[in-house]
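All the letters of the sequence shown, read from the start, carry residue numbers -4 to 142 under the working numbering. Ideal Cβ positions, reconstructed from N, Cα and C, are used throughout, including at glycine. Remember, it's a predicted structure, so these values are computed and weren't measured experimentally. Contents: one structure, followed by commentary.
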Amino acid sequence: MSLMKDAEIDILNQYEEYAKTKLEHSKYEYEKFDASNVFQLVEIKDREAHYDSLVIEFDKFAYNRTLAILESKEFIYVNRTPKGNIYEFNISKLIKNRYNFRWEWRMMPKTSKFGNQEKVNKYVGYVDVKHPETRIFKNKPLKSVNI
-4 MSLMKDAEID
6 ILNQYEEYAK
16 TKLEHSKYEY
26 EKFDASNVFQ
36 LVEIKDREAH
46 YDSLVIEFDK
56 FAYNRTLAIL
66 ESKEFIYVNR
76 TPKGNIYEFN
86 ISKLIKNRYN
96 FRWEWRMMPK
106 TSKFGNQEKV
116 NKYVGYVDVK
126 HPETRIFKNK
136 PLKSVNI
């Protein structure tokens, strides 16, 4: 049984097809990544709005980066926006190339759970969809999913 949300499963399935890779869903409910294989740790986000700079929370960034180093894997951050595009950011490669994540404190929702409006101050950075190293899987039709 998968603990991933339906939208994340849909994104994972599309990403596997586009990137020509096979990933295993995380087995634990509170894992800080959604899928992995022998080469990659993958965090998946389904965005409700499209921005040219997408947020990455430092706590997941730091945990996944450290775990990827310990397991000799790449940390991959995958986002889908309402445009239907799936964006792949190789965080490990961006770090190696001294990418500026523009870290800052920002008031954000405490959780992404529906109905919870509580906000907290989070340390976040940004990845740019227009960065030359971003892989974009464009114009693939979105499947209807229950979010």
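Opposing strand residues paired with residue i [DSSP bridges]
i	result
SER48	ASP123
GLU99	VAL119
LYS143	Because the chain here runs from -4 to 142, residue 143 falls outside it and cannot be looked at.
LYS133	LYS133 pairs with nothing; no bridge assigned.
ASP1	Paired residue(s): none; ASP1 is not in a bridge.
LYS40	ASN74
LYS105	According to DSSP, LYS105 bridges with nothing at all.
C-beta contact flag for residue i and residue j at 7 Å
i	j	result
LYS68	LEU89	no
ASP54	ILE39	no
ASP41	ARG75	yes
LYS125	GLU113	no
TYR25	VAL73	no
DSSP three-state assignment for residue i, whether helix, strand or coil
i	result
GLU24	coil
PHE53	helix
LEU65	helix
GLN35	strand
ASP29	coil
GLU128	coil
LYS17	coil
GLU83	strand
PRO60	Note on identity: in this sequence residue 60 is Arg, with Pro being the wrong assignment. Helix.
ILE6	helix
LYS91	helix
Residue from the options with nearest C-alpha to residue i
i	options	result
LYS27	LYS15, GLU52, ASN8	GLU52
ARG101	SER87, ILE86, ASN92, LYS117	LYS117
PHE56	THR16, GLU3, MET103, ILE86	ILE86
GLU70	LYS91, TYR13, LYS78	With the sequence shown as reference, residue 70 is identified as Phe, and Glu is not the correct amino acid for it. Ranking the options by Cα distance to PHE70, first place goes to LYS91.
ALA2	GLY120, MET103, GLU43, VAL115	GLU43
THR16	LYS78, ASP5, ASN32	ASN32
**Study point:** Any 3 or more C-beta pairs closer than 8 Å across the region 15 to 25 and the region 47 to 54
**Key:** no
Exercise for review: Indicate whether the contact test is met: 3 or more Cβ pairs, each with one atom in the region 79 to 93 and one in the region 124 to 131, closer than 8 Å.
Suggested key: yes
Exercise for review: Check whether the region 58 to 67 touches the region 96 to 106, counting contact only when three or more Cβ pairs, one atom from each stretch, lie closer than 8 Å.
Suggested key: no
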